[in-house]
Amino acid sequence: MTNPASLIADLDAALADAGETVTIRRYTAPTGTPRPKIDVAAVPAAVRPVKPDELVGDVQQSDRVVVVSPIMIEALLPLKIGDKVLIAGAEANVQFAGHIRVQDVVVRLKLMVRG
């Protein structure tokens with residue numbers, strides 16, 4: 069039987085092997101110079117463009133899907149709309165944050181980002 073810990077370990081290994089590094093960001097105030105934020109840097113992630121069959125509702129062709137493990141970003145869970153993902157130094161807005169659970173444990177996050 070597959071358990072949450074083994075699913076997370078498998079994802080972590082796959083992302084370390086074939087993923088890219090992103091930063092997950094949450095602003096903690098609406099304004100400020102500099103604007104206060106929490107960054108979790110060097111997060112392994114799988115980043116890809118949306119597929120044609122995912123172009124429904126408000127999803128745009130320029131949106132991207134980002135998959136990350138919950139392990140490195142526990143301090144920011146649950147991720148939510150308005151959080152940011154820095155991909156190759158450019159900030160993208162989280163449009164949707166899917167928290168995938170197995171046995172009531174978050175084992176992966178699938179984010180739809182724009183920008």
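Its first residue numbered 69, the sequence shown is counted upward by one per residue in this note's numbering.
Where is the CB? At the ideal position from N, CA and C, for every residue including glycine.
For Ala156, no beta strand (DSSP E) run applies, since DSSP gives it neither H nor E.
In the structure shown, Ile76 adopts helical secondary structure according to DSSP, grouped into three states.
If you check the CB distance, Ile92 and Val153 come in under 8 Å. By the C-beta density criterion, Val173 is exposed, having fewer than 16 other C-beta atoms within 10 angstroms. Arg169 is the residue among Leu177, Arg169, Met180 and Arg94 whose C-alpha sits nearest the C-alpha of Asn71. Burial of Ile141 is indicated by the presence of at least 16 other C-beta atoms within 10 angstroms of its C-beta.
Counting the other CB atoms within 10 Å of its CB gives Gly100 a total below 16, which places it among the exposed residues. In the three-state reduction of the DSSP assignment, Leu83 falls in the helix class, which pools H, G and I. Take the alpha-carbon of Val124 and the one of Ser74: they are about 33 Å apart.
Less than 8 Å separates the beta-carbon of Ala113 from that of Glu88. In the structure shown, the three-state DSSP call for Ala97 is coil.
Sequence-distant Cβ neighbours of Ala77 in its own chain, meaning closer than 6 Å and more than five residues away, do not exist here.
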